[in-house]
Amino acid sequence: NTVLNKGGDKDQQLSDKVLIKGNVTGETVLKVVPQGNGDNTASAPGNIFSSRDGISLVQVGGDAADNAFKLDREYISTGTKSPYQYRLFTYRGGQVDQQSNFLGDKPVNVDFRLQTAYLDSSGNVVPGVDPDYNNSNNENGNGTGNGNGTGNGNGTGNGNGTGNGNGTGNGNTGERKSRPLIVRQASSYLSLPAALSNYS
1 NTVLNKGGDK
11 DQQLSDKVLI
21 KGNVTGETVL
31 KVVPQGNGDN
41 TASAPGNIFS
51 SRDGISLVQV
61 GGDAADNAFK
71 LDREYISTGT
81 KSPYQYRLFT
91 YRGGQVDQQS
101 NFLGDKPVNV
111 DFRLQTAYLD
121 SSGNVVPGVD
131 PDYNNSNNEN
141 GNGTGNGNGT
151 GNGNGTGNGN
161 GTGNGNGTGN
171 GNTGERKSRP
181 LIVRQASSYL
191 SLPAALSNYS
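Just so we're aligned, residue 1 is where the sequence shown starts under full-length UniProt numbering, counting upward by one.
Set out below in structure tokens:
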């Protein structure tokens, strides 16, 4: 049983867990019975994820392959309560949040966590948004810059007749776009009330 809440803090991770102090071999399938409202687990602004977000399901003190544990389906959801997909993501070594350690006196080496899944601009499934995707695609961009009709060039250099650009200074693509992966029925749930209100 797992409550699909925001998770994060140890006392907010309301779930049965698999705790292993040794090594893991083979593959184990996890059957999760979801409860709760299905909150977004990405806690930082811009949905940037971290290894402390979400709900730890399996903690291994020894070694384990990334696929040592997997869900019995592609993702977990709360049905009609929330549109989010929860998927299982793996953190290991220095990535692991030891404040979420349920192993006691042994450090966690591999942590398998349920987190809300996002699709990044390259089509990769990630938990929230990878911090690397916050780097600007266009360093000097196409925005407002620091000037008007001056700068270092006209269509070259750092701008187009403006100080540091012809736009917002650090780019009009400052953050690569990502979007949450939602359950397949969610679009119907969102559009149906509007459709019915216009039906005559």
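Glycine included, every Cβ here is placed at the ideal spot set by N, Cα and C.
DSSP three-state assignment for D66, whether helix, strand or coil: Position 66 of the sequence shown, counted from the start, is the residue given in the question as residue 66. DSSP places D66 in coil when its eight states are reduced to three.
Simplified DSSP assignment, three categories, for S100: If you number the sequence shown from 1, residue 100 lands on position 100. Under the three-state reduction of DSSP output, S100 falls in the helix class.
Cβ pair S100, S56 closer than 7 Å: Taking the sequence shown and counting its residues from 1, one reaches residue 100 at position 100. Taking the sequence shown and counting its residues from 1, one reaches residue 56 at position 56. In this structure, S56 lies closer than 7 Å to S100 by Cβ.
G54, DSSP secondary structure in three states: Stepping through the sequence shown from its first residue, residue 54 is reached at position 54. G54: strand per DSSP, three-state reduction.
Identity of the residues DSSP links to R87 by a beta bridge: Within the sequence shown, numbered from 1, the residue matching residue 87 stands at position 87. According to DSSP, which records beta bridges pairwise, R87 is partnered with Q115.
Within 7 Å, strictly: CB atoms of Q85 and A117: Here residue 85 corresponds to residue number 85 of the sequence shown, with the count starting at 1. Here residue 117 corresponds to residue number 117 of the sequence shown, with the count starting at 1. One thing to note: Q85 has its Cβ within 7 Å of the Cβ of A117.
Burial state of P45 (16 or more Cβ within 10 Å): By 1-based counting over the sequence shown, the position of residue 45 is 45. Here P45 is exposed. Its C-beta has fewer than 16 other C-beta atoms within 10 Å.
Residue closest to G104, alpha-carbon to alpha-carbon, out of N67, I48, G61 and Q35: What you label residue 104 is simply residue 104 of the sequence shown in a count that begins at 1. If we check each option's Cα against that of G104, G61 comes out closest.
Local conformation of K10 per DSSP, three classes: Indexing the sequence shown from 1 puts residue 10 at position 10. Correct three-state label for K10: helix.
Beta carbon of L19 nearer than 7 Å to that of F102: Position 19 of the sequence shown, counting from 1, holds the residue named residue 19. Position 102 of the sequence shown, counting from 1, holds the residue named residue 102. Closer than 7 Å, so yes.
Opposing strand residues paired with Q95 [DSSP bridges]: To locate residue 95, count along the sequence shown from 1; it is residue 95. Q95 is not bridged to any residue.
Proximity winner among D39, K21, Y91 and G26, relative to V3 (alpha-carbon distances): Locating residue 3 in the sequence shown gives position 3, counting from the first residue. Comparing Cα-Cα distances from V3 to each of D39, K21, Y91 and G26, the minimum goes to D39.
Given D72 as reference, the closest of N23, K21 and T28 once Cα atoms are compared: Looking up residue 72 in the sequence shown gives position 72. Scanning N23, K21 and T28 for the CA closest to the CA of D72 turns up T28.
Separation of Q35 from D66, as counted between CA atoms: Mapped onto the sequence shown, residue 66 falls at position 66. Mapped onto the sequence shown, residue 35 falls at position 35. Approximately 26 Å between the Cα atoms of the pair.
Straight-line Cα distance separating I48 from R113: As a working note, residue 113 is residue 113 in the sequence shown. As a working note, residue 48 is residue 48 in the sequence shown. Cα to Cα, the separation comes out at about 16 Å.
Where P107 sits in the DSSP three-state scheme: For the purposes of this step, residue 107 is identified with residue 107 of the sequence shown, where counting begins at 1. Shown here, P107 sits in coil according to DSSP, grouped into three states, outside any helix or strand.
Opening and closing residue of the beta strand (DSSP E) in which residue 202 lies: There is no way to answer for residue 202, as the model of the chain reaches only from 1 to 200.
Bridge-paired residues (DSSP) for P34: Indexing the sequence shown from 1 puts residue 34 at position 34. BP columns for P34 point to T2.
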